[in-house]
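K.L.:
Protein sequence lines correspond, in order, to chains P and G. Residue 114 in the working numbering sits at position 114 of the first sequence; the count goes up by one each step and never skips. Residue 1136 in the working numbering sits at position 136 of the second sequence; the count goes up by one each step and never skips.
2 protein chains.
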Amino acid sequence: MLTSPPPYLSPRKRPRQARAAVTLDAIFEATIQVLIADGPRRLTTTRVAERAGVSVGTMYQYFPHKQALFYALNERYLDIVAEKVEATCRAQRGAEAEAMVEALVTTYWQAKTERAEVTQALYKSVVELDNESLIEAFARRVDVATAAMFASAANTAFADLNTVVLTLLTSIFGTVRSVFERNLPVEEAEAVLRQLVLMCVAYLQAVKLPAEGVTASVRRQAHLSARDVA
Amino acid sequence: MLTSPPPYLSPRKRPRQARAAVTLDAIFEATIQVLIADGPRRLTTTRVAERAGVSVGTMYQYFPHKQALFYALNERYLDIVAEKVEATCRAQRGAEAEAMVEALVTTYWQAKTERAEVTQALYKSVVELDNESLIEAFARRVDVATAAMFASAANTAFADLNTVVLTLLTSIFGTVRSVFERNLPVEEAEAVLRQLVLMCVAYLQAVKLPAEGVTASVRRQAHLSARDVA
DNA sequence: CCTCAAACTGAACGATCCTTCATATTCTCA
DNA sequence: TGAGAATATGAAGGATCGTTCAGTTTGAGG
Chain P
1 MLTSPPPYLS
11 PRKRPRQARA
21 AVTLDAIFEA
31 TIQVLIADGP
41 RRLTTTRVAE
51 RAGVSVGTMY
61 QYFPHKQALF
71 YALNERYLDI
81 VAEKVEATCR
91 AQRGAEAEAM
101 VEALVTTYWQ
111 AKTERAEVTQ
121 ALYKSVVELD
131 NESLIEAFAR
141 RVDVATAAMF
151 ASAANTAFAD
161 LNTVVLTLLT
171 SIFGTVRSVF
181 ERNLPVEEAE
191 AVLRQLVLMC
201 VAYLQAVKLP
211 AEGVTASVRR
221 QAHLSARDVA
Chain G
1001 MLTSPPPYLS
1011 PRKRPRQARA
1021 AVTLDAIFEA
1031 TIQVLIADGP
1041 RRLTTTRVAE
1051 RAGVSVGTMY
1061 QYFPHKQALF
1071 YALNERYLDI
1081 VAEKVEATCR
1091 AQRGAEAEAM
1101 VEALVTTYWQ
1111 AKTERAEVTQ
1121 ALYKSVVELD
1131 NESLIEAFAR
1141 RVDVATAAMF
1151 ASAANTAFAD
1161 LNTVVLTLLT
1171 SIFGTVRSVF
1181 ERNLPVEEAE
1191 AVLRQLVLMC
1201 VAYLQAVKLP
1211 AEGVTASVRR
1221 QAHLSARDVA
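#1: Between MET1100 of chain G and chain P, is there a C-beta pair that is closer than 8 Å?
#2: Chain G beta carbons: is any one of them nearer than 8 Å to that of ILE135 of chain P?
#3: Going along chain G in order, which residues have a C-beta closer than 9 Å to the C-beta of VAL192 of chain P?
#4: Would you mind stating whether SER10 of chain P and ALA103 of chain P have Cβ atoms separated by less than 8 Å?
#5: Using 10 angstroms around the beta-carbon of ALA1154 of chain G, count the other beta-carbons present and answer buried if the total reaches 16, otherwise exposed.
#6: Quick one: is LEU24 of chain P near chain G, going by C-beta distance under 8 Å?
#7: Measure the alpha-carbon distance for TYR1008 of chain G versus LYS1066 of chain G and round it to whole angstroms.
#8: Spell out the partners DSSP gives PHE1158 of chain G in its beta bridges.
#9: Do you know offhand how far ALA137 of chain P's Cα is from ASP130 of chain P's?
#10: For ALA1153 of chain G, name the three-state secondary structure that DSSP assigns.
#11: Rounded to whole angstroms, what is the Cα-Cα separation between THR31 of chain P and LEU209 of chain P?
#12: Taking C-beta pairs closer than 9 Å, name the residues in chain P that ALA1206 of chain G reaches, listed in chain order.
#13: Can you pull the chain P neighbours of ARG1177 of chain G, defined as C-beta to C-beta under 8 Å?
#14: Rounded to a whole number of angstroms, what is the C-alpha to C-alpha distance between PRO1006 of chain G and ALA49 of chain P?
#15: CB LEU1043 of chain G to CB VAL207 of chain P, shorter than 8 Å?
#16: For THR1075 of chain G, which option in G:SER1133, G:LYS1084, G:MET1100 and G:GLN1120 has the closest C-alpha, if you only look at C-alpha atoms?
#17: Just the C-alpha distance for THR23 of chain P and GLY53 of chain P, rounded to the nearest angstrom, thanks.
#18: Go through its chain and collect everything with a Cβ distance to THR156 of chain P's Cβ below 6 Å, but skip five positions before and after it.
#19: What are the boundary residues of the alpha helix (DSSP H) that ASN1074 of chain G is part of?
#20: Could you check what DSSP says for ARG1016 of chain G in three-state terms: helix, strand or coil?
#21: Say whether chain G places a C-beta atom closer than 8 Å to the C-beta of GLU75 of chain P.
#22: Just to make sure I have the definition right: I need the residues of chain P whose C-beta is within less than 9 Å of the C-beta of ALA1121 of chain G. Which are they?
#23: Is it a yes or a no for the region 1163–1171 of chain G touching the region 1109–1125 of chain G, going by three-plus beta-carbon pairs under 8 Å?
#24: In angstroms, rounded to a whole number, what distance separates the CA positions of THR88 of chain P and ALA1021 of chain G?
#25: Under 8 Å Cβ-Cβ, which residues of chain P neighbour ALA1139 of chain G?
#26: Which whole-angstrom value is the C-beta distance of LEU1196 of chain G and VAL1105 of chain G, which I expect to be below 8 Å?
#27: Give the interface partners of GLU132 of chain P over in chain G, defined as CB-CB distance under 8 Å, in chain order.
#28: Less than 8 Å between C-beta atoms, sequence neighbours within five positions excluded: which residues of the same chain meet that for LEU184 of chain P?
#29: Output the distance between the C-alpha atoms of GLN1092 of chain G and VAL1101 of chain G, rounded to the nearest integer angstrom.
#30: Measure the alpha-carbon distance for ILE1172 of chain G versus ALA95 of chain P and round it to whole angstroms.
#31: Output needed for LEU1073 of chain G: all residues of its chain with C-beta closer than 6 Å, excluding positions within five of it in sequence on either side, in chain order.
#32: Using the rule of at least 16 other Cβ atoms within 10 Å of the residue's Cβ for burial, across every protein chain shown, is GLU83 of chain P buried or exposed?
#33: Give the single residue among P:ARG141, P:ILE36 and P:ALA26 whose Cα lies nearest to the Cα of THR119 of chain P.
#34: Can you list, in chain order, the residues of its chain whose CB lies under 7 Å from that of VAL1056 of chain G, leaving out five sequence neighbours each side?
#35: Is the beta carbon of THR1175 of chain G less than 8 Å from the beta carbon of VAL179 of chain P?
#36: Cβ-heavy atom distance between THR1106 of chain G and the ligand NAD below 7 Å?
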């Protein structure tokens, strides 16, 4: 969590006893289930409470209103995904750039596929709230982690690392989302994913600086930074 | 329009007089405006009617319910985009594969950017309805047109044209959507788009069959098809 | 065991919202 | 020009939804 939610979306209070934590989990899970079963238009406080086995009032003890609940749910979800990406980025430090791309695609795809219905449901719930800040925080986290990873790539350097990272992430995340949206059968989906790896690798090889001892490229980057400051 | 809408989403009647056509246009435009100004949660029949300068009852003369209106609106929009893509595909027949990719990206990006707020608003309204059939029809149209285009590429053939097309379209559409969702500043957005072209071109060069008279590859494709049939 | 805070309940209220239909207006064309 | 068809109106009904709050139940700590 890089940024805390805006005040009007913040939870009212945190659970202090064990049963309260259980209740909160039940509410989150119920929200997902209602979203899957009834769709975003029938995602109502009453239905969520009923499915969670609690009273409506209970939810209002933790959230000031419906949107705050949705916000917290998405925050939770994006947090998990971001953590997985960060873990992968840490694990791949110093590896070859090609391996990094493959790991990135696989991690993101698995994170989304693990509970595909949930992913699809959340894609739809996002509309109900002002999610710009959430997306932005998520993007920043993943950007930073990915940039650090690629900066450590063995025998590879880029003229404009930030743009490369931005391009890779935008296309990977976008493609995965597109695959979900088109509801492709598993085989086709996996085929596209394999091709996506090919595509990213081909791109990397096209934009990476010609092999020339790492030192030189580092020196060049340093030079660029110096000029930026001046 | 490849498939007609499911009956429960079909319009009640078509406008027969000129003023009725004007009214319908006003209703569609008002829907977009309300979506932009008030968001999807405040997208209500009363508000749309008010903004369109007509009575609520008027809308119900053309659509059996709210969702039918949204469905028609999205159908209209996707129709325009699909037509633009098809036009580009027609114009690029026989060109080099690299030029095709660039034209594809540019066309799609311009179609979405022309009225960026509309695009963003519609991305959000999609949730309100069962859009699977719409997306599917759109995808099929674009798939067919794109495949025909690449099949005519000068001096280029692919082992598995369909997969290549599916990959290109999924990634291009997905990336564009991702750029919109992240709300990138124009310069960064355009930078990513330029990189996307690079990426697709690099991918094409990686998967295209080694140069060897077009005849040979055509023969191979024929052979593959024959085996599929058997 | 007792007390106080934390957690939970759910009927009730007010605010929208979608949709209908009896009626009025406008246009077409014979 | 006049009659019938097409188009437009908008108050009213029925349904759903979000949120509150006075009161009850449960758990923790002394």
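Note that CB positions come from ideal geometry on N, CA and C, so glycine has one too. Everything numeric in this text was worked out from a predicted model, so none of it was measured.
P.N.:
Looking at the atomic coordinates:
#1: no
#2: yes
#3: THR1163, LEU1166, THR1167, THR1170 and SER1171
#4: Between SER10 of chain P and ALA103 of chain P, the CB-CB gap reaches or exceeds 8 Å.
#5: Looking at its Cβ environment, which holds fewer than 16 other Cβ atoms inside 10 Å, ALA1154 of chain G is exposed.
#6: no
#7: 11 Å
#8: G:LYS1208
#9: 13 Å
#10: Coil at ALA1153 of chain G, not helix or strand.
#11: 48 Å
#12: LEU198, MET199, VAL201, ALA202 and GLN205
#13: Residues of chain P whose Cβ lies closer than 8 Å to the Cβ of ARG1177 of chain G are, in chain order, GLY174, ARG177 and SER178.
#14: 33 Å
#15: no
#16: Sequence check: residue 1075 of chain G is Glu here, not Thr. Comparing Cα positions, the closest option is G:SER1133.
#17: 9 Å
#18: Only ALA97 and LYS208 meet the Cβ criterion.
#19: 1066–1091 is the span of the alpha helix (DSSP H), which, as asked, contains ASN1074 of chain G.
#20: coil
#21: no
#22: Listed along chain P is no residue with a C-beta nearer than 9 Å to that of ALA1121 of chain G; the closest approach is about 11 Å.
#23: no
#24: Rounded to whole angstroms, the gap between the alpha carbons of THR88 of chain P and ALA1021 of chain G is 56 Å.
#25: ARG182
#26: 6 Å
#27: ASN1183
#28: Taken in chain order, the residues that qualify are VAL192.
#29: Distance between the alpha carbons of GLN1092 of chain G and VAL1101 of chain G: 10 Å.
#30: 28 Å
#31: PHE1028 and THR1031
#32: exposed
#33: In terms of Cα proximity to THR119 of chain P, the closest of P:ARG141, P:ILE36 and P:ALA26 is P:ILE36.
#34: Annotation for VAL1056 of chain G: THR1045, THR1046 and ALA1049 place their beta carbon closer than 7 Å to its own, counting only its chain and skipping 5 residues before and after.
#35: no
#36: This structure lacks the ligand NAD; in fact it carries no ligand of any kind.
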